[in-house]
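For the sequence shown, the UniProt record's numbering begins at 1 and goes up steadily by one. Where a beta carbon is used, it is the ideal one built from N, C-alpha and C, also for glycine. Note that this is a predicted model, so its numbers are computed, not measured. Structure first, commentary second.
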Amino acid sequence: MDAETEGLPPNNTIVEVTSTETDLATRRRLFKTQPSTLAARRQQAVCVRRAHKMYGNSKNPNVVLDGLNMTVPKGCIYGLLGASGCGKTTLLSCIVGRRRLNSGEIWVLGGRPGSRGSGVPGPRIGYMPQEVALYGEFTLRETLIYFGTIAAMARSDIDDRTEFLLKFLNLPNGSRQVKNLSGGQQRRMSLAVVLLHEPELLILDEPTVGVDPVLRQSIWDHLVDITKTGNTTVIITTHYIDECAQAHVIGLLRGGRMLAEEAPTFLRQQYNASSLEEVFLKLSVLQNMGRRRRSSIAQEIVEQVQVPAISNPALDMSDEHNTADISGEFGDNISMNSAIRDPITAAEMPASPLPNDKEPPATLMQYLDVISSHHMRALVWKNYLWMLRNVGIMMFIVALPVVQIILFCYAIGHDPTGLKLAVANGELSEQMAIDQFCPVFPGCNQTYLSCRYLDMLKKNKSMEVKFFQNEEAANAEVRRGNAWGSLVFDKNYTNSLNERVESGRYADNATIDSSDVNVRLDMSNQQISTLLYRDLQYTFFDFVEDILRDCELNPKIGRIPVDWERPIYGTRNPNFTDFAAPGVILTIIFFLSVAITSGAMLIERNEGMLERCLVAGITGPEILFSQVLSQFTVVILQMTFVLIVGFGFFDLTNEGSMWLVIALCLLNGLCGMCFGFVIACAVDTERTATYVAMGSFLPIVMLCGIIWPIEGMYPALQFITVFLPLTKPTECLRSILQRGWGFSEPSVHNGFISISLWVLVFLVLSILFLKFKKG
Ligand SMILES: Nc1ncnc2c1ncn2[C@@H]1O[C@H](COP(=O)(O)OP(=O)(O)OP(=O)(O)O)[C@@H](O)[C@H]1O
Numbered sequence: 001m002d003a004e005t006e007g008l009p010p011n012n013t014i015v016e017v018t019s020t021e022t023d024l025a026t027r028r029r030l031f032k033t034q035p036s037t038l039a040a041r042r043q044q045a046v047c048v049r050r051a052h053k054m055y056g057n058s059k060n061p062n063v064v065l066d067g068l069n070m071t072v073p074k075g076c077i078y079g080l081l082g083a084s085g086c087g088k089t090t091l092l093s094c095i096v097g098r099r100r101l102n103s104g105e106i107w108v109l110g111g112r113p114g115s116r117g118s119g120v121p122g123p124r125i126g127y128m129p130q131e132v133a134l135y136g137e138f139t140l141r142e143t144l145i146y147f148g149t150i151a152a153m154a155r156s157d158i159d160d161r162t163e164f165l166l167k168f169l170n171l172p173n174g175s176r177q178v179k180n181l182s183g184g185q186q187r188r189m190s191l192a193v194v195l196l197h198e199p200e201l202l203i204l205d206e207p208t209v210g211v212d213p214v215l216r217q218s219i220w221d222h223l224v225d226i227t228k229t230g231n232t233t234v235i236i237t238t239h240y241i242d243e244c245a246q247a248h249v250i251g252l253l254r255g256g257r258m259l260a261e262e263a264p265t266f267l268r269q270q271y272n273a274s275s276l277e278e279v280f281l282k283l284s285v286l287q288n289m290g291r292r293r294r295s296s297i298a299q300e301i302v303e304q305v306q307v308p309a310i311s312n313p314a315l316d317m318s319d320e321h322n323t324a325d326i327s328g329e330f331g332d333n334i335s336m337n338s339a340i341r342d343p344i345t346a347a348e349m350p351a352s353p354l355p356n357d358k359e360p361p362a363t364l365m366q367y368l369d370v371i372s373s374h375h376m377r378a379l380v381w382k383n384y385l386w387m388l389r390n391v392g393i394m395m396f397i398v399a400l401p402v403v404q405i406i407l408f409c410y411a412i413g414h415d416p417t418g419l420k421l422a423v424a425n426g427e428l429s430e431q432m433a434i435d436q437f438c439p440v441f442p443g444c445n446q447t448y449l450s451c452r453y454l455d456m457l458k459k460n461k462s463m464e465v466k467f468f469q470n471e472e473a474a475n476a477e478v479r480r481g482n483a484w485g486s487l488v489f490d491k492n493y494t495n496s497l498n499e500r501v502e503s504g505r506y507a508d509n510a511t512i513d514s515s516d517v518n519v520r521l522d523m524s525n526q527q528i529s530t531l532l533y534r535d536l537q538y539t540f541f542d543f544v545e546d547i548l549r550d551c552e553l554n555p556k557i558g559r560i561p562v563d564w565e566r567p568i569y570g571t572r573n574p575n576f577t578d579f580a581a582p583g584v585i586l587t588i589i590f591f592l593s594v595a596i597t598s599g600a601m602l603i604e605r606n607e608g609m610l611e612r613c614l615v616a617g618i619t620g621p622e623i624l625f626s627q628v629l630s631q632f633t634v635v636i637l638q639m640t641f642v643l644i645v646g647f648g649f650f651d652l653t654n655e656g657s658m659w660l661v662i663a664l665c666l667l668n669g670l671c672g673m674c675f676g677f678v679i680a681c682a683v684d685t686e687r688t689a690t691y692v693a694m695g696s697f698l699p700i701v702m703l704c705g706i707i708w709p710i711e712g713m714y715p716a717l718q719f720i721t722v723f724l725p726l727t728k729p730t731e732c733l734r735s736i737l738q739r740g741w742g743f744s745e746p747s748v749h750n751g752f753i754s755i756s757l758w759v760l761v762f763l764v765l766s767i768l769f770l771k772f773k774k775g
């Protein structure tokens with residue numbers, strides 16, 4: 001009920017108050033100071049005070065909880081009722097510590113949810129979310145073993161409870177997979193999971209949806225039964241308002257506030273209603289009147305709706321009530337009425353030890369002690385079981401990088417072959433050109449030297465030569481896109497070339513011109529034209545050397561006077577495959593790890609499993625480390641196959657230590673996994689995750705020196721690349737593979753340092769996202 005309704009006179013006859021001052025004065029006069037001690041609040045199972053929660057932003061807020069108070073005494077069944085979308089789930093997720101209030105306070109089992117030592121989230125509570133939130137591939141028994149292990153139950157206890165729950169909830173035998181159950185059976189299974197470890201506080205979000213009336217009744221009977229001892233408290237939301245008649249207290253939530261918190265029988269009497277639905281309706285009307293009483297609409301409502309004489313609980317308080325936990329707000333008063341009328345009262349409750357009021361400062365060991373062995377056991381077991389149940393997917397995941405490296409090795413970096421050249425050779429007759437006949441004379445023979453050169457082009461560089469009768473025809477072939485270049489030889493080519501060599505510096509211009517090969521290239525394809533440019537020249541050097549050798553002259557005089565000694569690193573003919581391989585291998589491993597981990601985490605998150613596990617007390621670091629452990633197996637397999645295929649089968653150059661290569665690839669896979677965690681924790685949907693992964697893929701490939709040397713980038717970009725996760729590792733792997741460098745070389749150990757730092761950064765970011773990214 002909102003504050004304005006609290007101001008109604010005790011007999012509750014609706015009085016239209018016209019003057020604001022009178023209204024305020026009446027409210028002040030009627031207001032009593034009411035004690036509310038912290039200790040009393042902490043004695044409740046759940047106590048919410050002045051809770052404000054909104055979604056959206058300040059410009060477009062969606063206020064869901066608006067100063068809400070709620071008191072759930074220990075040992076009761078509390079039915080939380082309200083229309084769809086009124087904020088029940090939001091309130092529950094704040095109670096279990098998965099969402100934060102914008103303001104206000106929550107006490108659960110005497111502690112603040114999420115604070116150290118409060119046990120919430122943790123095994124003290126059992127949360128059944130609205131969605132099924134179970135692993136479809138697991139059997140019922142495996143599901144219960146998993147959640148039982150998380151709650152640190154002994155295996156024998158898990159087995160006993162499993163037998164009981166399967167029978168009690170009318171579930172099929174334990175070896176059936178969850179995905180093969182009907183919708184109703186899955187919800188019952190979800191209920192079985194929270195009942196399994198018999199927590200102190202059960203929070204059930206619509207547990208009876210899809211349950212037949214007989215079973216619904218037996219679930220309620222069970223809830224009544226477990227609360228009898230006073231050790232278990234149940235908060236339940238349901239759409240079937242009247243089933244809440246069996247609750248000890250019901251809270252009616254509307255407009256972000258509690259309309260009432262009372263025992264159902266009391267409410268029905270108080271509001272002279274035959275059903276709880278009617279009570280809800282009347283209270284809603286009262287709430288509307290309170291809100292609009294300054295408007296003329298109020299009068300209409302008063303006239304149209306029959307509201308019974310109701311004593312306003314906010315004002316109808318005996319001294320007896322005042323001694324209880326009352327904060328002066330509506331919710332407290334009402335719930336205490338209930339608590340006192342109810343057979344289970346706070347006074348009868350066994351006083352359980354409360355956690356510390358203020359969170360004690362944590363020691364370093366407590367900060368580091370974020371991993372519990374039974375949680376890790378359960379999580380790693382669950383991850384491997386998931387993989388086992390999805391062998392097809394796992395095989396695909398392992399095979400994918402193999403396919404990629406095979407494609408890379410076959411498709412990238414090899415010199416193009418079969419490049420067509422259009423040749424107009426003046427030395428040939430018209431008929432010879434038509435017949436594509438160009439005679440080659442080996443040895444120290446100075447006849448048709450043009451044909452000898454062209455023959456070497458064909459043989460050594462796999463080029464295809466087509467003869468045309470004149471220069472125009474050859475150029476036209478290039479213009480039509482049928483050849484990559486035209487070569488024109490003068491009709492005196494052989495003689496002129498001989499004379500040019502013989503005369504040396506005395507050769508005249510005409511001789512020099514006619515001994516040149518005139519080349520016109522199609523330079524539209526940078527790779528091909530560069531290659532042609534290089535090969536036409538190199539083949540010419542080879543051609544000259546060949547003749548000189550055959551004529552028993554020193555072949556060196558045919559070369560340019562630069563002696564290309566054996567390279568210090570690399571080969572005389574470095575290929576693009578070896579240049580790109582380090583970056584490509586790292587990129588494949590990195591991005592497949594990103595895809596696997598972000599996919600796995602997002603599936604868990606979006607199907608509610610992650611939420612359920614976090615409420616059960618699993619921590620962010622535990623989830624991450626368990627994923628690291630299990631996904632790492634996949635990364636190791638992927639990496640092994642990539643390296644075997646790349647170095648074993650395709651013989652990629654490796655001059656260095658294979659152990660260093662393996663270590664770097666493993667770290668790189670780990671880094672990809674951690675980046676995947678960050679994406680999964682930071683975004684909400686698979687689609688956004690795909691955009692982020694894709695959005696980061698291209699910049700990383702372009703900027704990390706994988707396909708183009710960093711030295712060729714703009715200076716500002718060169719600076720930025722240093723801070724990208726694959727730049728230094730790519731440089732490092734290239735140095736190991738091509739130069740055979742060891743760890744002591746800066747370029748190698750810098751790669752390891754850089755990737756380790758990135759692993760750390762991504763891990764910390766994921767943990768922070770998991771911790772702080774709540775609603
Ligand atoms: N993550 C979110 N971001 C933005 N708005 C949200 C989010 N979750 C819930 N809401 C909005 O908050 C309001 C309350 O939602 P909530 O799920 O708490 O209602 P509910 O009472 O549990 O509904 P139902 O009974 O249908 O499950 C709704 O208007 C909903 O659209």
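Query, Result
"Buried or exposed by the 16-neighbour rule on C-beta atoms within 10 Å, applied to residue 801", "No answer is possible for residue 801: the residues shown for the chain start at 1 and end at 775."
"Closer than 7 Å: Lys59 CB and nearest ligand 1 heavy atom", "no"
"Neighbourhood of Gly608 by C-beta, 7 Å cutoff - its chain only, sequence neighbours within 5 removed", "Pro129, Glu131, Ala133"
"Ligand 1 heavy atom lying under 7 Å from the CB of Asn62", "yes"
"Backbone CA spacing between Leu379 and Gly599 [nearest angstrom]", "17 Å"
"Proximity test, Thr89 beta-carbon vs ligand 1 heavy atom, cut-off 7 Å", "yes"
"Selected residue, minimal CA-CA separation from Met70, among Pro61, Ile125, Asn668, Ala51", "Ala51"
"Contacts around Arg572, its chain only, beta-carbon distance under 8 Å, and the 5 residues preceding and following it disregarded", "Trp564, Arg566"
"Closer than 7 Å: Ser190 CB and nearest ligand 1 heavy atom", "no"
"Buried or exposed (CB count within 10 angstroms, at least 16 for buried), Lys179", "exposed"
"CA nearest to the CA of Leu637, picked from Arg99, Ala399, Thr208", "Ala399"
"Through-space distance from Asn390 to Pro213, alpha-carbon basis", "37 Å"
"Any non-hydrogen atom of ligand 1 within 7 Å of Tyr55 CB", "yes"
"Contacts around Lys426, its chain only, beta-carbon distance under 7 Å, and the 5 residues preceding and following it disregarded", "Here residue 426 is Gly; the residue named in the question, Lys, does not match the sequence. For Gly426, where only same-chain residues beyond five positions count, the Cβ hits under 7 Å are Phe489, Asp490, Lys491, Tyr493."
"6 Å Cβ shell around Ala433 - same chain, five flanking residues per side excluded", "Phe467, Gln469"
"Outcome for His248 when other beta-carbon atoms lying within 10 angstroms are tallied against a minimum of 16", "buried"
"C-alpha gap between Met601 and Phe625, whole angstroms", "12 Å"
"Sub-8 Å separation of Ile203 and Tyr146 beta-carbons", "no"
"Where the beta strand (DSSP E) through Arg257 begins and ends", "257 to 262"
"Cβ shell of Leu454 (< 7 Å), same chain only, five flanking positions each side left out", "Val423, Cys438, Val465"
"DSSP bridge partner residues for Ala595 (one or two, in chain order)", "BP columns for Ala595 are empty, so no partner."
"Cβ pair Thr653, Leu737 closer than 8 Å", "yes"
"Near ligand 1: Ser84 beta-carbon under 7 Å from a heavy atom", "yes"
"beta-carbon Gln130 near ligand 1 non-hydrogen atom, thresh 7 Å", "yes"
"Selected residue, minimal CA-CA separation from Asp242, among Leu253, Asn231, Gly230, Pro264", "Pro264"
"Cβ separation of Ala473 and Leu421, assumed to be a contact under 8 Å, to the nearest whole Å", "Going by Cβ atoms, the distance from Ala473 to Leu421 rounds to 13 Å, so no, they are not a contact pair."
"Euclidean distance between Cα positions of Leu428 and Cys704", "52 Å"
"Segment limits, alpha helix (DSSP H) that includes Glu639", "It is worth fixing the name first, because residue 639 is Met in this sequence and not Glu. Segment 620 to 643, the alpha helix (DSSP H) holding Met639."
"Span separating the alpha-carbon of Leu196 from that of Arg124", "12 Å"
"Within 8 Å, strictly: CB atoms of Leu267 and Leu276", "yes"
"CA nearest to the CA of Arg257, picked from Gly82, Thr143, Gly174", "Gly82"
"Alpha-carbon to alpha-carbon, Gly620 and Phe769", "9 Å"
"Classification of Ala260 by the beta-carbon crowding that lies within 10 angstroms, buried from 16 upward", "buried"
"Helix, strand or coil at Ser486 according to DSSP, with G and I counted as helix", "strand"
"Chain-order list of residues whose beta-carbon lies under 6 Å from that of Asp550 (same chain, five-residue window excluded)", "Gly443, Cys444"
"Rounded C-alpha distance that separates Thr90 from Leu760", "33 Å"
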